[in-house]
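Worksheet: one structure, shown below.
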Amino acid sequence: MCGIVGLFLKDKALEPQLGALLTDMLITMTDRGPDSAGIAIYGAEDTSASKLTVQAEDPDASFDGLADKMAAALGGKVTLTRNDTHAVLQVPAGKADEARTALREIAPEVRAMSFGDTLEIYKEVGLPKDVAARFDIAKMSGTHGIGHTRMATESAVTTLGAHPFNTGSDQCLVHNGSLSNHNSLRRKLQREGIHIETQNDTEVGAAYLTWKMQNGATLGEALEASLEDLDGFFNFVVGTKDGFGVVRDPIACKPAVMAETDQYVAFGSEYRALVNLPGIETARVWEPEPATVYFWTHNQAPTPKKKAA
Amino acid sequence: MMQTYDLQANSLRDLNAALHAQANDTNQTSWEIVNPRGSHAVAVGLDAPIEVSVKGSTGYYTAGMNKQATVHVHGSAGPGVAENMMSGTVVIEGDASQYAGATGHGGLLVIKGNASSRCGISMKGIDIVVHGNVGHMSAFMAQSGNLVVCGDAGDALGDSIYEARLFVRGSVKSLGADCIEKEMRPEHIEILRDLLERAGSDAKPEEFKRYGSARQLYNFKVDNAY
């Protein structure tokens, strides 16, 4: 199973409620997957700093002095804001990717959850209500966000097996389904020099998109290509700094419902996840088509793009 | 007298237990369910000539295994609506998600919006009328009954079909294995006229094409019989 929720706000007045709305949506999806949960939040942009969100098994020890070590490695001001097992490192603007690379040297036991300018990913093993509470997601504001609750099938129940996965700067991916060619694709991507940490199928899907985009594809093109190259079942919801996308495999056996009003675009694995959103009674509600890439950004009109199955 | 049941205030289990407790000669023939909020398994397993009106959208398996009852959803329904229905009527005012009417043995399922993939998969005698479109793999392995599509059908319509009749007014994106267009004879026009009328559609039977089994797959060859 697995449950996915996503919310892309058009109305700035709703931004302070983003975390609360997403938390409520995700908790409703708890019975689709009790193993681990995670949320990606796109917050306000600070043009003077970029962000690296990290996680540690032993945060007391691992986060102690980490900001200083990172500042020395990057050359510039670094601040660390701890949130339970996670911390957000504010690094000089444009240095988040460099910080992620540096982290492997200066604190190899600390895991990078996400990097970029506005994205923060929080994820842990446990139920959505517990994971959301330990990070106080409900208090977070932002422009858009994605949540996932996992029922593990292809790999172990761990923090690194939890979704969302970070696929590039300010990019993230959640998945409902199971990929059947992830082993061969993992070997291929590793030969191409792509770093893959776990035996998880979705991580391979995320790495695939990263690899495509490193080779010049836009996210939309990478998602279209995934319809050719990924075998198995998938509903993907992706986030970018400015946008929000949805794609379903051609078989489309995993459930998906979308709703759109003047205030937002929302995604849920089931309609239940959407029922508390403002104005849902009069929203346009529909099931996304198979093998079709949907994308919304704050700058452009929506562009559903049909791909031959 | 109308019985009203609020699913936000009371449990789904109690609702279904109350509906199951209705006998053939019940006086409580009219039920209204408010605040379904996408709940799963609303009004499943009914077996009494009662009318159930659901005011809002529902989740998985609405009105599954229905016998005798009329269930009317004033909203959209999630996956598996009227799955394995035996008799009675189920009407969805909005859209239905995947595998609507799957394995149904009898009764009438009406979807006033669109149905998504696998509508009528393995249908075994149910009649399904969709006012809008149906998605891919609809009527896969359909064995008996009628699927009427007033709009368009997606890919692989009627794949590996046995004896069900498929009527489509609009386009068919592609036909599945062993599914072919067939002649529309007067008796088919009559079946279709009756179904459209009962489903509240003003489409003309003459506007439809009929599809069915070419009977060329393995099971139809007598040499393959045990």
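Sequence lines, in order, name chains D and C. Per our numbering, the first sequence starts with residue 8, numbered consecutively. Per our numbering, the second sequence starts with residue 110, numbered consecutively. Heads up, the beta-carbon is just placed ideally off N, CA and C, and yes, glycines get one too.
Same chain, Cβ closer than 6 Å to residue i, five either side skipped, listed in chain order
i	result
D:K219	A229, A232
C:C228	A209, V243, S247
D:Q178	T247
D:M32	V12, A280
C:G165	P145, G184
D:P99	G83
C:V143	D115, K164
C:V258	V239, V243, V277
C:E202	H183, K221
C:G267	A248, L275, G285, C288, Y320
C:Q117	N144
C:D264	H245, K282, S283
Per-residue contacts from residue i into chain D (C-beta, under 7 Å)
i	result
C:S247	By Cβ distance, chain D contributes nothing, its closest Cβ being about 13 Å from C:S247, past 7 Å.
C:D115	Simply none; closest approach about 14 Å.
C:S166	Y278
DSSP-derived helix/strand/coil call for residue i
i	result
D:E267	strand
D:M275	Before going on, a small fix: residue 275 of chain D reads as Gly here, not Met. The answer is strand: DSSP assigns D:G275 an E or B state.
D:V4	No answer is possible for residue 4 of chain D: the residues shown for chain D start at 8 and end at 316.
D:A169	coil
C:S206	coil
D:T86	strand
C:V151	coil
D:A316	No answer about D:A316 holds up, because its pLDDT of 37 lies below 50 and its placement is not dependable.
D:Q178	strand
C:H214	coil
C:Q177	coil
D:M220	helix
C:Y327	helix
C:Y170	coil
D:I201	coil
C:D156	strand
C:S139	strand
D:T35	helix
C:N255	strand
D:H93	strand
D:D104	helix
D:A17	Residue identity differs from the one stated: residue 17 of chain D is Lys in this sequence, not Ala. In this structure, D:K17 counts as coil in the three-state DSSP scheme.
D:M158	coil
D:R193	helix
D:T30	helix
Local Cβ density within 10 Å of residue i, reported as buried at 16 or more and exposed below that
i	result
D:G286	exposed
D:T299	buried
C:N333	exposed
D:T125	buried
D:H151	buried
C:D311	exposed
C:H149	buried
D:A315	At D:A315, the pLDDT of 42 sits below 50, so the modelled position is not reliable; the number obtained from the coordinates is stated separately. Exposed is the call here.
D:V282	buried
D:H93	buried
D:P115	exposed
C:N193	buried
D:K102	buried
Residues of its chain near residue i, where Cβ-Cβ distance is below 8 Å and the 5 sequence neighbours each way are ignored
i	result
C:R302	P314
D:D256	G184, L234, L237, G239, F240, F241, N242, P297, A298
C:Q137	M110, Q112, Q131, I159
D:Y278	V264, V292
C:S280	D261, A262
Chain D residues whose Cβ lies nearer than 9 Å to that of residue i
i	result
C:G147	T35, V264, G275, E277, Y278, R279, A280, L281, V282
C:S120	Within 9 Å Cβ-Cβ: nothing; C:S120 doesn't reach chain D, min ~15 Å.
C:D204	V292, W293, E294
Nonlocal neighbours in the same chain, by C-beta distance under 7 Å from residue i, ignoring five residues either side
i	result
D:K146	G26
D:T205	S162, L167, G168
D:T30	A139, I144, A145
C:G197	N175, K176, Q177, A178, T179, G216
C:L304	D236, V238, N255, V257
D:E294	A263, V264
Where residue i meets chain D, residues with beta-carbon distance less than 8 Å
i	result
C:P188	P262
C:D123	Neighbours of C:D123 on chain D: none; closest Cβ ~19 Å, over 8 Å.
C:D261	Neighbours of C:D261 on chain D: none; closest Cβ ~12 Å, over 8 Å.
Chain-ordered chain C contacts of residue i [CB-CB under 7 Å]
i	result
D:V292	S185
Contacts of residue i in chain C (Cβ-Cβ under 8 Å)
i	result
D:A259	Q207, S225, S226, G244, H245
D:P297	S226, G244, H245
heavy atom of the ligand ADP below 6 Å from residue i C-beta
i	result
D:T60	Here there are no bound small molecules, and the ligand ADP is not part of this structure.
Residue-chain proximity (residue i, chain E), Cβ-Cβ < 7 Å
i	result
D:D67	In the displayed structure, chain E is absent; the protein chains listed are D and C.
*Which residue spans inside the segment 120-145 of chain D form an unbroken alpha helix (DSSP H) run of at least 4?*
135-142
*Could you pull out every unbroken beta strand (DSSP E) segment of at least 3 residues lying fully inside the segment 283-309 of chain C, listed in chain order?*
288-291
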